[in-house]
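Colleague:
2 protein chains.
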Amino acid sequence: MLGLMQDFPLTIEAILRRSERIFSSKTITTQTVTGQERITFAALAIRARQVGAVLDSLGVSADGRVGSFGWNTANHIALYFGVPCTGRVLHTLNIRLFPEQLAYTVTHAEDEAVFVDRSLLPLFAQYLPQLSTVKHVIVFDDGSPAPLPDDPRVLRWEDVVGDQADFTGRVRDENTAAAICYTTGTTGNPKGVLYSHRSTYLHSLILQAPATFALSEVDTALPVVPMFHAMAWGLPYACVMAGANLAMPGPGMTPAALLDVMERERVTITAGVPTIWMGMLPLLEGRELPHLRRVICGGSAVPKSLSEAWRTTIGLPITQAWGMTELSPLGTVCTLRSELADLSEDEKADVRSTAGLPPMGVEMRIIDPETREELPWDNEATGELETRGPWIARQYYRTDEPGEQFSADGWLRTGDVAAISGLGYMRLVNRTKDLVKSGGEWISSVDLENEIMGHPAVAEAAVIALPHPRWMERPFACVVLKQGESLSKDELLSFLAERVERWGLPDDVAFLDEIPKTSVGKFSKKTLREKFADRQLPD
Amino acid sequence: MLGLMQDFPLTIEAILRRSERIFSSKTITTQTVTGQERITFAALAIRARQVGAVLDSLGVSADGRVGSFGWNTANHIALYFGVPCTGRVLHTLNIRLFPEQLAYTVTHAEDEAVFVDRSLLPLFAQYLPQLSTVKHVIVFDDGSPAPLPDDPRVLRWEDVVGDQADFTGRVRDENTAAAICYTTGTTGNPKGVLYSHRSTYLHSLILQAPATFALSEVDTALPVVPMFHAMAWGLPYACVMAGANLAMPGPGMTPAALLDVMERERVTITAGVPTIWMGMLPLLEGRELPHLRRVICGGSAVPKSLSEAWRTTIGLPITQAWGMTELSPLGTVCTLRSELADLSEDEKADVRSTAGLPPMGVEMRIIDPETREELPWDNEATGELETRGPWIARQYYRTDEPGEQFSADGWLRTGDVAAISGLGYMRLVNRTKDLVKSGGEWISSVDLENEIMGHPAVAEAAVIALPHPRWMERPFACVVLKQGESLSKDELLSFLAERVERWGLPDDVAFLDEIPKTSVGKFSKKTLREKFADRQLPD
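Sequence lines, in order, name chains U and H.
First residue of the first sequence: 1, per UniProt numbering; consecutive thereafter.
First residue of the second sequence: 1, per UniProt numbering; consecutive thereafter.
Set out below in structure tokens:
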């Protein structure tokens, strides 16, 4: 027997309608090349409808893919709404991808139009000749004097904008595709994750929960994470839904510029990768941040020392979150449960160094890779982490079969190895592909990196496996020191010897100027492995 | 084009699974006739599965309706989960209904089994002979010595409980019916609102939003509102989802007993009708309630003076909410927006005396009843309030057609007249339908008029609501006698006492020469309300 409730689809248009009605005077502030733009949510809705009308008038297919190549701006948020509310699919292009990879994703998605920020035109123009599916390039003026490419496809927003599309009821099925984001987190070509209106709506809704971001209309959010990253971790949609103001950094992504925005806009919540918070740390002293209540950090594990440094400097530790493009991306958030209120600060910091708790809508399990049996939540047993829920991918775009990552019984295999505590705190031990297997024993490079980064002189550390004649593989540490610090290999090993089992110590250490990063800012272990492919470990 | 997200149904089982995994040590405390019972969420899940197994073993149909006739207890929560997780439909029976109405709802829903608290058996036994669809009555021992009725259908829970049902995947379609609740808020027979798993899941989810109840695992909730009222305003499901402890009052519903629970269990959030909070007010002084953060009040409008008296006594005003059985029931919650932070206390109290803001998932509009045009949100224009959203009814159970209340374009006509401010605060002005709301219960003035007009000496009767210090509203009867007849107030009340429940009798009677009429010859209740605006009801 079916219930007798309204058949009301969970769509992105419903988010926009609400914001327009209830939160019309909330604002989005954008740092542009030349200054600042502040628009209301009422104006955002108009701009989103203008985006829709432009796509209609250009004749973009009813379910066509539309790329965005932009900074974090109000215009980009207008695309987040305007494209899917017309039934089309927003493809957020990663501006840091290698040219061949970017061209691959645009062509694979068959993007018909791309919206580009003018200050990114010099970069985008390099790709443009290869983008054969793209019929229209619409340029948003952001104050940059960059010249327009000499290509008939290139149009200026000011020249094409006019009417507003009527979104009413365009998307009736909440399972309609809304956006696509390509993940580079796996081997081979980037793979497309195709979000639906339903998954986006539910993912946005959960960010209001106290256990996640606790977003509400009292907030002003600063999404530092680029908007081409997994829908910028849900913030653009969730803020518009919750009525939270948005402070968009535009091209100004230096720690100092971001701190200026945080002070001026009284930012209450922000989100980005560890590198950002590490770079901001030396600049925190003397800044006026009394409104800041949650600094979300994801993309890579947050070293305990980094979170503690924030806590001791401004009284606010970092809130770790874990996710994947395939998870929309939210998987877990590390908020402290009431049962842990009496822990010491150091014990609390240990809990904060885990990936945290899954919100309602994300189910987790850990699986023994050999037996495929589920393992207990005792904080000891480690197994491959699998997840399921309404905002988790079931297949990549344009693949005939779900593939290995999407196992038969409806769970996504994350490729991460994890332990889970009795309270539900998930601790990433490693990527399945990023463990060091030494003489039959697994060594967690993540744990070792955390220990190395616990040394006061160390800024960053990445551990990779190198071949070893006797142990098959041994850990090798790549270390970046903080400016002005010095540290020898022996000093580091002595430091580690008190914290790590003898057999888990790195066999050798390389001191580098920087750890190479991927296009999404993660440590590129692939590059390190290539760089040190011929390195001989000492006997 | 459809998205490629997991087809993960939003079911009540998903709520239970989560609570069992993440919140197994959270607790439900129940005040029983003889003492207190405290169980964990882990034990709740077991009990819910036992409910399922009992229904299976008794042979209740796969989608059969199962009644509950009980206080607010952990057992009742086990029914909230155990019945729908097996695919069956929970019917929460209103223990205060007239016998014929109760029998009507049980028979209309075709309840096959009913779970009854032993202390309610003396009441329930009166109805039992009329309940021809009911094959099994399962009695929960709550410490009461009430005798078991001599009826072969009556079973003791202790005698039938045993196995645990496996819920896994029993409900695959989230639109499956989960529960039915009959509303007496309209004229005529009670009407059944059939909730689905999806509507229940989404309604529970929104109660975590800061703008609604901000429920999280730090909370302990005390649902004072009876669990047969519109799924007890969402608290049982939402608390189990969010990991909030529950403090269940059982039969002890006096203000003093409730305050004892609030102190002892450190209750942070509670919900009930104005009469409760009015009765509690004189007892607040000297109580230790530092944990209390939100007192939700619904069912009738909250007088400004009541909310202000709470604020001046314990520093916490009452949070008004508005809903209907047809809305699962949440329609609006009156939390103060950040834009209003600088208002004076008196101005804030004025805002708090409105019904408040709709959460994500509830859309509102006000309609001119003549032109059917939408009216502006200017806090002045008043029109009929209509709502739509995923937890709003589209039709009553076992009706061939949606009916007048469910207008053609997908909005529910609430029967309330309202104005809405620019910020979205909804203010109820009047009801289109003619009902008296006494202590949270509807009294139909039409039904009462019919009974009065059933007296041989009465020519005409019109019943209006007058304000009452304790019950918020009480019925007041205006009566015109037939020529040459005489009748006293006491004679009329004696006549009615045989036909109407005690609490449904009018508090006072005025004998008039005629009932004022509108231009189309209908009773002008507006004129009567004006005429008796200053009339004091007798104590």
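All residues carry an ideal CB built from backbone N, CA and C; glycine is no exception.
Residues of chain H with CB under 7 Å from G424/U, in chain order?
Modeller: Those are R21, I22, listed as they occur along chain H.
Colleague: In terms of alpha-carbon separation, which member of T371/H, T40/H, D173/H lies closest to I28/H?
Modeller: With distances taken between Cα atoms, I28/H lies closest to T40/H.
Colleague: Based on the DSSP secondary-structure assignment, which residues constitute the bridge partners of residue 581/H?
Modeller: Past the edges of chain H, shown from 1 to 539, lies residue 581/H, and the structure says nothing about it.
Colleague: Buried or exposed: S199/U, going by 16 or more other Cβ atoms within 10 Å of its Cβ?
Modeller: So S199/U ends up on the buried side.
Colleague: Which residues, taken in chain order from the stretch 143-176 of chain H, show a beta carbon closer than 8 Å to some beta carbon of chain U?
Modeller: Against chain U - using a Cβ distance shorter than 8 Å - the residues of the stretch 143-176 of chain H are D173, N175, T176.
Colleague: Measuring CB to CB, does V90/H end up less than 8 Å from Y80/H?
Modeller: Val is not the amino acid found at residue 90/H; the sequence shown has Leu there. For L90/H and Y80/H, yes; Cβs fall inside 8 Å.
Colleague: Leaving out five residues on either side along the sequence, give the residues of the same chain with a beta carbon under 8 Å from the beta carbon of H136/H.
Modeller: Cβ neighbours of H136/H beyond the five flanking positions: L58, V60, E112, A113, V114, R153, L155.
Colleague: Would you mind telling me which residues of chain H sit closer than 7 Å to S338/U, beta carbon to beta carbon, in chain order?
Modeller: Ordered by position in chain H, the residues that pass the 7 Å Cβ test against S338/U are E217, V218.
Colleague: Going by Cα to Cα distance, which pick from S494/U, A462/U, P147/U is closest to E514/U?
Modeller: It is A462/U whose Cα lies nearest to the Cα of E514/U.
Colleague: Just tell me which of L4/H, I12/H, L528/H has its CA closest to the CA of D173/H.
Modeller: Taking only the C-alpha atoms, the option nearest D173/H is I12/H.
Colleague: Counting contacts by CB-CB distance shorter than 8 Å, is G250/H in contact with chain U?
Modeller: Chain U contact via Cβ: absent.
Colleague: What's the C-alpha gap between R38/U and N245/U?
Modeller: C-alpha separation (whole angstroms): 10 Å.
Colleague: In chain U, which residues lie less than 8 Å from V89/H when you measure between Cβ atoms?
Modeller: Those within 8 Å of V89/H in chain U are M1.
Colleague: Evaluate Q6/H with the Cβ neighbour count: other Cβ atoms within 10 Å of its Cβ, from every protein chain shown; 16 or more gives buried, anything less gives exposed.
Modeller: It counts as buried.
Colleague: Determine, for L4/U, whether the minimum Cβ-Cβ distance to residues of chain H falls below 8 Å.
Modeller: L4/U counts as touching chain H.
Colleague: How long is the line joining the alpha carbons of V267/H and Q536/H, rounded to whole angstroms?
Modeller: Roughly 37 Å between the two C-alpha positions.
Colleague: Can you tell me where the beta strand (DSSP E) holding R474/H begins and where it ends?
Modeller: Residues 472-481.
Colleague: Between R372/H and chain U, is there a C-beta pair that is closer than 8 Å?
Modeller: Cβ-Cβ to chain U under 8 Å: no for R372/H.
Colleague: Just checking: is the beta-carbon of D400/U within a distance shorter than 8 Å of some beta-carbon in chain H?
Modeller: No, D400/U does not count as interfacial toward chain H.
Colleague: How would you list, in chain order, the residues of chain U whose beta-carbon sits under 9 Å from the beta-carbon of G410/H?
Modeller: Simply Q6, D7, F8.
Colleague: Distance cutoff 8 Å, beta carbons only. Does L194/U sit that close to anything in chain H?
Modeller: Yes - at least one Cβ of chain H is within 8 Å of the one on L194/U.
Colleague: Roughly how far, in whole angstroms, is the beta-carbon of P274/H from the beta-carbon of C239/H, given that I think they are within contact range, below 8 Å?
Modeller: At roughly 22 Å, the Cβ-Cβ gap does not stay under 8 Å, so P274/H and C239/H are not in contact.
Colleague: Determine the direct distance from the alpha carbon of S353/H to that of Y425/H, and round the result to whole angstroms.
Modeller: Those two C-alpha atoms are separated by around 10 Å.
Colleague: Checking 8 Å against the spacing of the C-beta atoms, do R365/H and E380/H come in under that value?
Modeller: Contact flag unset, no.
Colleague: May I ask you to report which of helix, strand or coil DSSP gives S68/H?
Modeller: If DSSP states are grouped into helix, strand and coil, S68/H belongs with the strands.
Colleague: In terms of residue numbering, what span does the alpha helix (DSSP H) encompassing F495/H cover?
Modeller: Per DSSP, F495/H belongs to the alpha helix (DSSP H) from 489-497.
Colleague: With distances taken between CB atoms, is the gap from M248/U to T73/U smaller than 8 Å?
Modeller: In this structure, T73/U lies closer than 8 Å to M248/U by Cβ.
Colleague: Cβ closer than 8 Å: which chain H residues qualify as neighbours of Y397/U?
Modeller: Within chain H, the residues near Y397/U are L4.
Colleague: Determine the closest residue to I318/H out of L306/H, D151/H, E326/H, L327/H, with distance taken between C-alpha atoms.
Modeller: The candidate whose alpha carbon is nearest that of I318/H is L306/H.
Colleague: Measure the alpha-carbon distance for R413/U versus R372/U and round it to whole angstroms.
Modeller: Each residue's alpha carbon lies about 12 Å from the other.
Colleague: Helix or strand or just coil, what does DSSP make of residue 601/U?
Modeller: This structure cannot speak to residue 601/U, because chain U is shown only from 1 to 539.
Colleague: Who are H468/H's beta bridge partners in DSSP?
Modeller: Note: H468/H sits in a beta bridge opposite M472/H.
Colleague: Pick helix, strand or coil for W157/U, following the three-state DSSP scheme.
Modeller: Helix.
Colleague: Flag P236/H as yes if its beta-carbon sits less than 8 Å from any beta-carbon of chain U, otherwise no.
Modeller: Output row for P236/H: interface = no.
Colleague: Any C-beta of chain H sitting closer than 8 Å to the C-beta of D63/U?
Modeller: Yes, D63/U counts as interfacial toward chain H.
Colleague: Have a look at E473/U, P251/U, L512/U, A14/U and flag the residue whose alpha-carbon is nearest the alpha-carbon of L481/U.
Modeller: That would be L512/U, whose Cα lies nearest to the Cα of L481/U.
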